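Residues 13 to 431 (the working numbering) are what the sequence shown spells out, left to right. What follows is a short report on a single structure.
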Amino acid sequence: MLCLLRWLTRYKIVYLTFGLLGIGTLLPWNFFITANDYWMYKFRSTLNKSCIDHHNKTDLQATFTSYLALSNNVPYVLFLIICTLYNNRFSKRFRVLAPLVILFLLFGIVTACVEIDTDSWQMGFFSLTILIIIAVGIVSAVLQSGVSGIAALLPADYMHVMVLGQAFAGILASVAQTLSLLGDCDSIKSALVYFFSSDAVILLTLISYAAIQKSEFFKYHTYSLKEATALKDVSGITTKEKVSILYLLKQIWPYAVAILLDFWVTIGIFPGLAVLIEPKSQGNIWNGKLFIPVTCFLLFNISDFCGRIVGGWLPISSSKRMHLLTCCALRIIFFPLIMLCNLQPRYHLPVILSSDLYYIIFMTMLGFTNGYCVAVAMVVGIKSVNPLLQEMAGVILSTFLGAGLMIGALTSYICIQII
Numbered sequence: 013m014l015c016l017l018r019w020l021t022r023y024k025i026v027y028l029t030f031g032l033l034g035i036g037t038l039l040p041w042n043f044f045i046t047a048n049d050y051w052m053y054k055f056r057s058t059l060n061k062s063c064i065d066h067h068n069k070t071d072l073q074a075t076f077t078s079y080l081a082l083s084n085n086v087p088y089v090l091f092l093i094i095c096t097l098y099n100n101r102f103s104k105r106f107r108v109l110a111p112l113v114i115l116f117l118l119f120g121i122v123t124a125c126v127e128i129d130t131d132s133w134q135m136g137f138f139s140l141t142i143l144i145i146i147a148v149g150i151v152s153a154v155l156q157s158g159v160s161g162i163a164a165l166l167p168a169d170y171m172h173v174m175v176l177g178q179a180f181a182g183i184l185a186s187v188a189q190t191l192s193l194l195g196d197c198d199s200i201k202s203a204l205v206y207f208f209s210s211d212a213v214i215l216l217t218l219i220s221y222a223a224i225q226k227s228e229f230f231k232y233h234t235y236s237l238k239e240a241t242a243l244k245d246v247s248g249i250t251t252k253e254k255v256s257i258l259y260l261l262k263q264i265w266p267y268a269v270a271i272l273l274d275f276w277v278t279i280g281i282f283p284g285l286a287v288l289i290e291p292k293s294q295g296n297i298w299n300g301k302l303f304i305p306v307t308c309f310l311l312f313n314i315s316d317f318c319g320r321i322v323g324g325w326l327p328i329s330s331s332k333r334m335h336l337l338t339c340c341a342l343r344i345i346f347f348p349l350i351m352l353c354n355l356q357p358r359y360h361l362p363v364i365l366s367s368d369l370y371y372i373i374f375m376t377m378l379g380f381t382n383g384y385c386v387a388v389a390m391v392v393g394i395k396s397v398n399p400l401l402q403e404m405a406g407v408i409l410s411t412f413l414g415a416g417l418m419i420g421a422l423t424s425y426i427c428i429q430i431i
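Right under this line is the structure:
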């Protein structure tokens, strides 16, 4: 029993902490996009004091999700690039703990704004929200870069559990949204649940990461790149090449491009386009307030989580890495498929796939393929390079992930104008 406790303390606590870190890197984004009813309420026509008219959306309501994605993802990818170039200027501890502290403070501001009546300064509240989202994007980039780089130094299971944690963040947000709606919580109370939950998870992640700093297992695997390059390298790679981004890209470019394509398609559709779906029929709780939370958010996030599990169990080997790239490229077909569903409002394209079943199938496939591809690319891609290069490989792949997010956000806005 004592040996078991020691094993759990030395290894599983670190393992679970990286699952929490995965949750922490994407939970802010997931709670922002999942609180859709809250944003629709805040940006409704102020002539309507209590209700949200889903069929006659204001300009802010129709475009807010795309603005949210752009405001988050553009600074996110820019700072991921900066983190890649200056990865070793700051300690590993600082690259994780500092962003978590700032995220906690930012979400404290967001939570405080929930019950404030913003009808008289709606555009001012919109501007404040966008500024906070930009700040969250910057801080999340630093956190993602730091966590991915550190996870790359640990055994492959730790990168996999981090990737699973990112998907689980979406499930947490979706379940919180669905339960609050089933409990007849209004938009304001639901938003309080989301943002308080996010505050709690960020704080728990912060405490957990601070606690594992003294773990011998953690310290053994996360010695600095400077120390690593001082060791004898039997592969014959020079010190200059060890830190060369171009040198690494020559080895991992299929995985990098695969991740970029994967997230371009996913963010191009989810949530900006996907939340515009209208059920074919109305009149009950399923076709009313539960339809988008369940078929868009919960279904996508569960499918994404399942895809990441399968990606860890049945990965595509590095010798067949071009197969992964091809799979990610084929996902582009989801753009026309989703756009031809019953998305509203629309002004140009006809609705061809009007049945709700089409939308449900497409969202399930979109989520599963996203999860599978990112799990394989992150885990196999990082472990395919020399161990001394794996931290930098993790940071580079995170940067391409961010680039996919930014391009996807831009594409989402364009697609909304097309339909």
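Note that CB positions come from ideal geometry on N, CA and C, so glycine has one too. In this text the structure is predicted, and so the values were computed from the model without any measurement.
Check: Kindly provide the ranges of any alpha helix (DSSP H) runs that are 4 or more residues long and lie completely inside the region 44-129, ordered along the chain.; Outcome: 48-54, 71-97, 104-125
Check: Are the beta-carbon atoms of ILE431 and LEU361 separated by less than 8 angstroms?; Outcome: yes
Check: Rounded to the nearest angstrom, what separates PRO357 and SER330 at their Cα positions?; Outcome: 44 angstroms
Check: Tell me, which residues are paired with LEU365 by DSSP?; Outcome: CYS353
Check: May I ask which residues mark the beginning and end of the alpha helix (DSSP H) holding ASP169?; Outcome: 168-194
Check: Do ASN382 and ASP316 have their CB atoms nearer than 8 angstroms?; Outcome: yes
Check: Helix, strand or coil: which one does DSSP assign to ILE25?; Outcome: helix
Check: What residue from LEU218, THR376, LEU417 has the CA that sits closest to ALA153's CA?; Outcome: LEU417
Check: For TYR27, which residues from the same chain have a beta carbon less than 8 angstroms from its beta carbon, with the 5 sequence-adjacent residues on both sides left out?; Outcome: ASP169, TYR170, VAL173
Check: Considering Cα atoms alone, identify which of GLN294, TRP41, LEU194, PHE380 is closest to GLY324.; Outcome: PHE380
Check: Can you grab the Cα-Cα spacing for the pair VAL126 / GLN134, in whole Å?; Outcome: 13 angstroms
Check: What would DSSP say about ILE289, mapped onto helix, strand or coil?; Outcome: strand
Check: Skipping 5 residues on each side, what residues in its chain have a beta carbon closer than 6 angstroms to that of TRP51?; Outcome: PHE76
Check: With LEU342 as the anchor, note down where its alpha helix (DSSP H) starts and where it stops.; Outcome: 333-342
Check: Let me check understanding here. Comparing Cα to Cα, which of LEU39, ILE150, ALA405, ASN84 lies closest to PHE91?; Outcome: ILE150
Check: Among the residues of its own chain, which have a CB less than 6 angstroms from the CB of VAL175, if the five just before and after it don't count?; Outcome: ARG320, ALA387, MET390
Check: To the nearest angstrom, how far is it from the Cα of LEU39 to the Cα of ALA185?; Outcome: 7 angstroms
Check: Which value, in whole angstroms, describes the spacing of the CA atoms of LEU243 and HIS335?; Outcome: Low confidence applies to LEU243: its pLDDT is 43, below 50, so where it sits in the model is not reliable enough to give any reading.
Check: Please work out which residues of its chain come closer than 6 angstroms, Cβ to Cβ, to ALA181, disregarding the five sequence neighbours upstream and downstream, and give them in chain order.; Outcome: ILE35, LEU38, LEU39, ASN42
Check: With distances taken between CB atoms, is the gap from SER160 to SER396 smaller than 8 angstroms?; Outcome: no
Check: Once the 5 residues before and after VAL322 are set aside, which same chain residues still bring their CB inside 6 angstroms of it?; Outcome: TYR384
Check: For GLU228, count neighbouring Cβ atoms within 10 angstroms of its own Cβ and tell me buried if that reaches 16, exposed if not.; Outcome: exposed
Check: Rounding to the nearest angstrom, what Cα-Cα distance links ASP198 and PHE275 in this structure?; Outcome: 32 angstroms
Check: Shortest alpha-carbon distance to SER78 belongs to which of MET404, GLY284, LYS69?; Outcome: GLY284
Check: Alpha carbon to alpha carbon, how far is LEU349 from LEU365?; Outcome: 8 angstroms
Check: Output yes or no for whether 8 angstroms exceeds the beta carbon distance between PHE207 and PHE138.; Outcome: no
Check: Find out if the Cβ-Cβ distance for the pair ALA286, ALA47 is shorter than 8 angstroms.; Outcome: no
Check: Confirm the yes/no value for this check: CB of SER160, any heavy atom of the ligand ATP, distance under 7 angstroms.; Outcome: The ligand ATP is absent from the structure shown, which contains no ligands of any kind.
Check: Out of curiosity, what's the CA-to-CA distance linking ALA74 and ILE162?; Outcome: 39 angstroms
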